[in-house]
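In the numbering used here, the protein residues as written are 535 to 726.
Printed below as a string of structure tokens:
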């Protein structure tokens, strides 16, 4: 399935620096929806610990590079429970779609991975930018125009969204608080 044929905006999503679509579930239910979209040639990324989206790099016949994988790993880490726990480094597993299977005993949004996976460690931090005319929080390499770097911290999400809205307005960039809340991870944030 071509990336542009996927209703990707209903998921967590961004485009890598090589313009490959990455999608990830916003919930256990959406993880169940994303995994069937993984095809031969795609790559799947998930945190070592539970509580993250299964992120799929859609290859569309292109070679998936180390930068695509690292950007996706940072994205996955940032939208995981590890962000909420204010972790400074997160361990990520990278594997092929054919390594994933669903056991009837596993709970919703959970999958079993068989075989070896590549493991990398990344820092959960993102940059606010615009992709496809939407405000997005993406890994640094994927942000063509970088507005603000965001990192885990103690400022509540709703308060942080109001701060960002005012800072963006000061740059004559207007997005609603709802747009900002949708773009950023759950949990707390460090000062901008």
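No residue lacks a Cβ here, since even glycine has one placed at the ideal position from N, Cα and C. Predicted, not measured: the structure shown is a model, and the values here were computed from it.
Task: Of the residues 688, 695, 700, the one placed nearest residue 620, counting alpha carbons only - done: Indexing the chain shown from 1 puts residue 620 at position 86. Ranking the options by Cα distance to residue 620, first place goes to 688.
- [ ] Note down the Cα distance separating residue 573 from residue 595, rounded to an integer number of angstroms.
- [x] Along the chain shown, one-based indexing puts residue 573 at 39. Along the chain shown, one-based indexing puts residue 595 at 61. Distance between the alpha carbons of residue 573 and residue 595 is about 10 Å.
TODO: Would you check if the distance between the CB atom of residue 686 and the CB atom of residue 659 is smaller than 9 Å?
DONE: Here residue 686 is taken as the residue at index 152 of the chain shown, counted from 1. Here residue 659 is taken as the residue at index 125 of the chain shown, counted from 1. In contact: residue 686 and residue 659 (Cβ atoms closer than 9 Å).
TODO: Would you kindly check if the distance between the Cβ of residue 673 and the Cβ of residue 608 is under 9 Å?
DONE: In the chain shown, residue 608 corresponds to position 74, counting from 1. In the chain shown, residue 673 corresponds to position 139, counting from 1. The answer is yes: Cβ separation under 9 Å.
TODO: Kindly provide the ranges of any alpha helix (DSSP H) runs that are 4 or more residues long and lie completely inside the stretch 554 to 593, ordered along the chain.
DONE: 562 to 568
Task: Cutoff 6 Å; reference residue 602; Cβ partners in own chain excluding five residues on either side - done: By 1-based counting over the chain shown, the position of residue 602 is 68. So the list reads 550, 552, 554, 591, once near-sequence residues are dropped.
Task: Nearest residue (CA-CA) to residue 606, options 635, 588, 616, 597 - done: In the chain shown, residue 606 corresponds to position 72, counting from 1. Taking only the C-alpha atoms, the option nearest residue 606 is 588.
TODO: Take residue 676 and list the residues in its own chain whose beta-carbon comes closer than 7 Å to its own, dropping the five residues that flank it on each side.
DONE: Translated into the one-based positions of the chain shown, residue 676 becomes position 142. Within the same chain, residue 676 has close Cβ partners 548, 549, 550, 551, 605.
TODO: Hey, could you find the ends of the beta strand (DSSP E) residue 665 is sitting in?
DONE: Here the question's residue 665 lines up with position 131 in the chain shown. It spans 660 to 665 - the beta strand (DSSP E) in which residue 665 sits, taken as one unbroken run.
Task: DSSP bridge partner residues for residue 689 (one or two, in chain order) - done: Translated into the one-based positions of the chain shown, residue 689 becomes position 155. In the DSSP output, where bridge partners are listed per residue, residue 689 has 723.
Task: For residue 625, the first and last residue of its enclosing beta strand (DSSP E) - done: Start at 1 with the first residue of the chain shown, and residue 625 comes out as number 91. Run containing residue 625: 624 to 629, per the beta strand (DSSP E) assignment.
- [ ] Look at the alpha carbon of residue 670 and the alpha carbon of residue 643, and state the distance between them as a whole number of angstroms.
- [x] Taking the first residue of the chain shown as position 1, residue 670 is located at position 136. Taking the first residue of the chain shown as position 1, residue 643 is located at position 109. Roughly 24 Å between the two C-alpha positions.
Task: First through last residue of the alpha helix (DSSP H) which encompasses residue 603 - done: Sequence index remark: in the chain shown, residue 603 carries index 69 (1-based). Segment 600 to 612, the alpha helix (DSSP H) holding residue 603.
Task: Inter-residue Cα distance where the pair is residue 678 and residue 581 - done: Looking up residue 678 in the chain shown gives position 144. Looking up residue 581 in the chain shown gives position 47. Their backbone Cα atoms lie some 26 Å apart in a straight line.
Task: Three-state class that DSSP yields for residue 671 in the structure shown - done: For the purposes of this step, residue 671 is taken as residue 137 along the chain shown, with counting starting at 1. DSSP places residue 671 in strand when its eight states are reduced to three.
Task: Residues sharing a beta bridge with residue 653, DSSP - done: The count along the chain shown starts at 1 and reaches residue 653 at position 119. In DSSP, residue 653 forms a bridge with 627.
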